[in-house]
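Residue numbers (the working numbering): 19 to 208.
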């Protein structure tokens, strides 16, 4: 019986040692798991922060590019509007020039029908444009206001070609016939 008691005591001691070692092993494994998890979390957090910084930088670049494109779009729209105004102005000028050309063609035909020679046509054109102020040497028309610049502005409604571009802005009436100026158009000679 003493042997049984001694065996029972050894068994209890072994159980206690095994239980103690098992608890120590469990604590060591738990601590190692915590450390590994901490290392993994730290690595994961570092990678996430790096990715977040990269995405923020990408967003800044995209925002800057978007602003540049927005500014460029505004500039293109402004340029488009400018070209539309130029086109409308050009169309208006073309219509005015065609009307003026048609008027002079009709007038020319009427003069040619009434006068079989070109002498009267030249005299009529000269009187319309003050032929007396022609330069004698180079046959250019000169402005009736400043007497120095070439004629290039047609006055309406009288249709006298009698001013240079710089003088036209200050004139309120035709220098030839004193008719109030309603409009003026620059003419280009070919």
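Note that the Cβ used here is the ideal one computed from N, Cα and C, for glycine as well. In this text the structure is predicted, and so the values were computed from the model without any measurement.
{"Item": "For residue 176, which residues in the same chain have their Cβ closer than 6 Å to its Cβ, ignoring the five residues on either side in sequence?", "Value": "192, 195, 197"}
{"Item": "For residue 204 versus residue 171, is the C-beta spacing smaller than 8 Å?", "Value": "yes"}
{"Item": "Note down the Cα distance separating residue 54 from residue 75, rounded to an integer number of angstroms.", "Value": "31 Å"}
{"Item": "By the three-class DSSP mapping on this structure, what secondary structure does residue 49 have?", "Value": "helix"}
{"Item": "Whose CA, out of 39, 181, 62, lies closest to the CA of residue 160?", "Value": "181"}
{"Item": "I'd like to confirm the pairing. Which residues does DSSP put opposite residue 203 in its beta bridges?", "Value": "172"}
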